[in-house]
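Sequential numbering from 56 applies to the sequence shown in our numbering.
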Amino acid sequence: MSEEPRIAIIGEAMLELSQDPAGNAKLAYGGDTLNTAVYMARLGAPVDYITALGVDPYSERMLSAWKKEGLDTRSVLRHLSRLPGLYAIETSPQGERSFYYWRSESAAREFFALDGCADILDKAANADWLYLSGITLSIFDEDGRRKLCQLASEIRTSGGQVAFDPNYRPAGWTSAAAARKAMEAFCRHASIVLPTIDDEHALFGMHTEAEHCARWHDLGLDTVIMKHGPDGATIHIRGAHPEHIAVPAPLAATDTTGAGDSFNAACLAGLMRGKPLHEAAADGHRLAGIVVQHRGAIIPKDAMVTSLSE
Numbered sequence: 056m057s058e059e060p061r062i063a064i065i066g067e068a069m070l071e072l073s074q075d076p077a078g079n080a081k082l083a084y085g086g087d088t089l090n091t092a093v094y095m096a097r098l099g100a101p102v103d104y105i106t107a108l109g110v111d112p113y114s115e116r117m118l119s120a121w122k123k124e125g126l127d128t129r130s131v132l133r134h135l136s137r138l139p140g141l142y143a144i145e146t147s148p149q150g151e152r153s154f155y156y157w158r159s160e161s162a163a164r165e166f167f168a169l170d171g172c173a174d175i176l177d178k179a180a181n182a183d184w185l186y187l188s189g190i191t192l193s194i195f196d197e198d199g200r201r202k203l204c205q206l207a208s209e210i211r212t213s214g215g216q217v218a219f220d221p222n223y224r225p226a227g228w229t230s231a232a233a234a235r236k237a238m239e240a241f242c243r244h245a246s247i248v249l250p251t252i253d254d255e256h257a258l259f260g261m262h263t264e265a266e267h268c269a270r271w272h273d274l275g276l277d278t279v280i281m282k283h284g285p286d287g288a289t290i291h292i293r294g295a296h297p298e299h300i301a302v303p304a305p306l307a308a309t310d311t312t313g314a315g316d317s318f319n320a321a322c323l324a325g326l327m328r329g330k331p332l333h334e335a336a337a338d339g340h341r342l343a344g345i346v347v348q349h350r351g352a353i354i355p356k357d358a359m360v361t362s363l364s365e
């Protein structure tokens, strides 16, 4: 493996339509794995982002912006006739968000059908870490998911780590049973899972946290980091007592979009640098606390840097 660990992140990036405080429309970009990738790159982690875009002006602007953020974009394939997906955010006065999607024909969904895909997967198999989400799994068919499982298996076999966030969104699946089947198949090749307790209840039913975590451990996962939003997170390591990590200084949220993604980013960046789990999770809370004070999935870089340097 390389001296400086690298992470390959796979998913779908989309255009993001939101409103500023004055009610004016704002066009940006986001997507759960992309949000994590950008925040990790800002924290200094070497990130290869793997997806597909179109050849339209919006795709070009997205690609240019990612390069400026420090992402390695050599694994971004281009589709000659498809566009990026689009989602709109509606935010309640309490900062909770609702999403509306136009993504069924996005370029990213055709990733495995594009020329160059096999070469990118071969390159990704040499990464020290792999990260993707349940949303990543939801945009591909059975064959695409099988290839992701194979990639995860290769990375684990070579001594790497595979992290997964279930990030269950019912609209992306034909049924909860289909989502469970796909996620459990992938997680047989993963080492770390970062679920959110509300998603766990929606996907698997109202069980205790211990029961949810035992299910992941039974699939072979060593570590479960259960996120509770403003109530912190709990680290569950197989055979050890759970360790709760409190949010340092809870603040009223302006927009919770990207909270879990930014938590994952700082947590994984810390683990890649060899930090203990409790310190990495605390880093995740700190970054998420900054992100929810701003609108949109990816906050301005200067706001993040200023806050982290204080």
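All residues carry an ideal CB built from backbone N, CA and C; glycine is no exception. It should be emphasised that the depicted structure is a prediction, and the values quoted were computed from it without experimental measurement.
**OP:** Output the residue ranges of the beta strand (DSSP E) runs that lie fully inside the region 252-313 and measure 3 residues or longer, sorted by chain position.
**Re:** As far as the region 252-313 is concerned, its whole beta strand (DSSP E) runs of at least 3 residues are 278-282, 288-292 and 298-300.
**OP:** With a 10 Å radius around its C-beta and 16 neighbouring C-beta atoms as the bar for buried, classify Y223 as buried or exposed.
**Re:** The residue given as residue 223 occupies position 168 in the sequence shown. Label assigned to Y223: buried.
Original post:
What is the C-beta distance between T88 and I65, in whole angstroms, given that I count them as a contact (C-beta under 8 Å)?
Top reply: Here residue 88 is taken as the residue at index 33 of the sequence shown, counted from 1. Here residue 65 is taken as the residue at index 10 of the sequence shown, counted from 1. That belief holds up - the Cβ atoms of T88 and I65 are roughly 7 Å apart, short of 8 Å.
**OP:** Determine contact between the region 245-260 and the region 218-235, defined as no fewer than three beta-carbon pairs at a distance below 8 Å.
**Re:** yes
**OP:** May I ask which residues mark the beginning and end of the beta strand (DSSP E) holding V110?
**Re:** Position 55 of the sequence shown, counting from 1, holds the residue named residue 110. Counting along the chain, V110 falls outside any beta strand (DSSP E), and DSSP gives it neither H nor E.
Original post:
Pairing CB atoms from the region 252-266 with CB atoms from the region 224-235, are three or more of them under 8 Å?
Top reply: yes
Original post:
Looking at the structure shown, is L135 part of a helix, part of a strand, or coil, going by DSSP?
Top reply: For the purposes of this step, residue 135 is taken as the residue at position 80 of the sequence shown. Here L135 sits in coil by DSSP.
Original post:
By the 10 Å Cβ neighbour count, where 16 or more other Cβ atoms means buried, how is Y155 classified, buried or exposed?
Top reply: Locating residue 155 in the sequence shown gives position 100, where the first residue counts as 1. Y155 is exposed by the Cβ-count criterion.
Subject >> Same chain, Cβ closer than 8 Å to L108, five either side skipped, listed in chain order >> reply: On the sequence shown, residue 108 is found 53 positions in, with the first residue counted as 1. If we look at L108 and ignore the five residues flanking it on each side, its Cβ neighbours are A68, S114, M117, L118, V131, L132, R133, H134, P139, A162 and A163.
Original post:
Identify the residues that DSSP records as bridge partners of F167: which are they?
Top reply: The sequence position of residue 167 within the sequence shown is 112, counting from 1. In DSSP, F167 forms no bridge with anything.
**OP:** Throw me the rounded Cβ distance for the H244 and S208 pair, which I believe falls under 8 Å.
**Re:** Numbered from its first residue, the sequence shown carries residue 244 at position 189. Numbered from its first residue, the sequence shown carries residue 208 at position 153. So it is a contact: roughly 5 Å between Cβ atoms.
**OP:** Mark T106 as exposed unless 16 or more other C-beta atoms lie within 10 angstroms of its C-beta, in which case mark it buried.
**Re:** Counting from 1 along the sequence shown, the entry for residue 106 is found at position 51. It is buried - the Cβ of T106 has at least 16 other Cβ atoms within 10 Å.
Original post:
Given Y94, which residues of its chain have a CB within under 6 Å of its CB, disregarding the five upstream and five downstream residues?
Top reply: Counting from one through the sequence shown, the residue named residue 94 turns up at place 39. Counting only Cβ-Cβ distances below 6 Å, and skipping sequence neighbours, we find S317 and A320.
**OP:** For W157, name the three-state secondary structure that DSSP assigns.
**Re:** By 1-based counting over the sequence shown, the position of residue 157 is 102. Strand at W157.
Subject >> L70, enclosing alpha helix (DSSP H) - first and last residue >> reply: Here residue 70 is taken as the residue at index 15 of the sequence shown, counted from 1. Unbroken run through L70 is the beta strand (DSSP E), M69 to Q74; no alpha helix (DSSP H).
**OP:** Note the first and the last residue of the continuous alpha helix (DSSP H) segment covering G85.
**Re:** Indexing the sequence shown from 1 puts residue 85 at position 30. Where G85 is concerned, there is no enclosing alpha helix (DSSP H), although the beta strand (DSSP E) it sits in stretches over A80 to G85.
**OP:** With DSSP as the reference, label S130 as helix, strand or coil.
**Re:** Counted from its first residue, the sequence shown places residue 130 at position 75. If DSSP states are grouped into helix, strand and coil, S130 belongs with coil.
Subject >> Nearest-angstrom Cβ-Cβ length linking A96 and G125, presumed shorter than 8 Å >> reply: For the purposes of this step, residue 96 is taken as residue 41 along the sequence shown, with counting starting at 1. For the purposes of this step, residue 125 is taken as residue 70 along the sequence shown, with counting starting at 1. About 4 Å; that satisfies the 8 Å criterion.
Original post:
Are there 16 or more other CB atoms within 10 angstroms of the CB of R129, so buried, or fewer, so exposed?
Top reply: Along the sequence shown, one-based indexing puts residue 129 at 74. Answer is exposed; the Cβ neighbour count stays below 16.
**OP:** Keeping to the same chain, check which residues put their C-beta closer than 8 Å to that of R152; ignore five residues upstream and five downstream.
**Re:** Against the sequence shown, residue 152 aligns to sequence position 97. Same-chain partners within the cutoff: I144, E145, T146, D310, T311 and T312.
Original post:
Taking C-beta to C-beta, are A336 and A288 nearer than 7 Å?
Top reply: Residue numbering aside, residue 336 sits at position 281 when the sequence shown is read from its first letter. Residue numbering aside, residue 288 sits at position 233 when the sequence shown is read from its first letter. The answer is yes: Cβ separation under 7 Å.
Subject >> Local conformation of V346 per DSSP, three classes >> reply: Within the sequence shown, numbered from 1, the residue matching residue 346 stands at position 291. In the structure shown, V346 sits in a helix (DSSP, three-state: H, G or I).
Original post:
For F241, which three-state DSSP category applies?
Top reply: To locate residue 241, count along the sequence shown from 1; it is residue 186. Reduced to three states, the DSSP call for F241 is helix.
**OP:** Report the three-state DSSP secondary structure of L98 (helix, strand or coil).
**Re:** Residue mapping note: residue 98 aligns to position 43 of the sequence shown, counting from 1. Coil.
**OP:** Could you work out which residue in A308, I280, D127 and P355 is closest to C322 when comparing CA atoms only?
**Re:** Mapped onto the sequence shown, residue 322 falls at position 267. Comparing Cα-Cα distances from C322 to each of A308, I280, D127 and P355, the minimum goes to I280.
**OP:** Give the secondary structure of A182 by DSSP, where H, G and I count as helix, E and B as strand, and everything else as coil.
**Re:** On the sequence shown, residue 182 is found 127 positions in, with the first residue counted as 1. Looking at A182 - three-state DSSP - the assignment turns out to be coil, as it is neither helix nor strand.
Subject >> Distance between A352 and A77 (C-alpha atoms, nearest Å) >> reply: As a first step, residue 77 must be located in the sequence shown, where it is residue number 22. As a first step, residue 352 must be located in the sequence shown, where it is residue number 297. The alpha-carbon atoms of A77 and A352 are separated by roughly 18 Å.
Subject >> 4 or more residues per run - each alpha helix (DSSP H) lying fully within the region 187-213 >> reply: 189-193 and 197-212
Original post:
If you draw a straight line from the alpha carbon of A296 to that of I190, how long is it in whole angstroms?
Top reply: One-based indexing of the sequence shown puts residue 296 at position 241. One-based indexing of the sequence shown puts residue 190 at position 135. What sits at residue 296 in the sequence shown is His, not Ala. Answer to the nearest angstrom: the Cα atoms are 30 Å apart.
Original post:
From what residue to what residue does the beta strand (DSSP E) around I64 run?
Top reply: By 1-based counting over the sequence shown, the position of residue 64 is 9. Element bounds for I64: I62 to I65.
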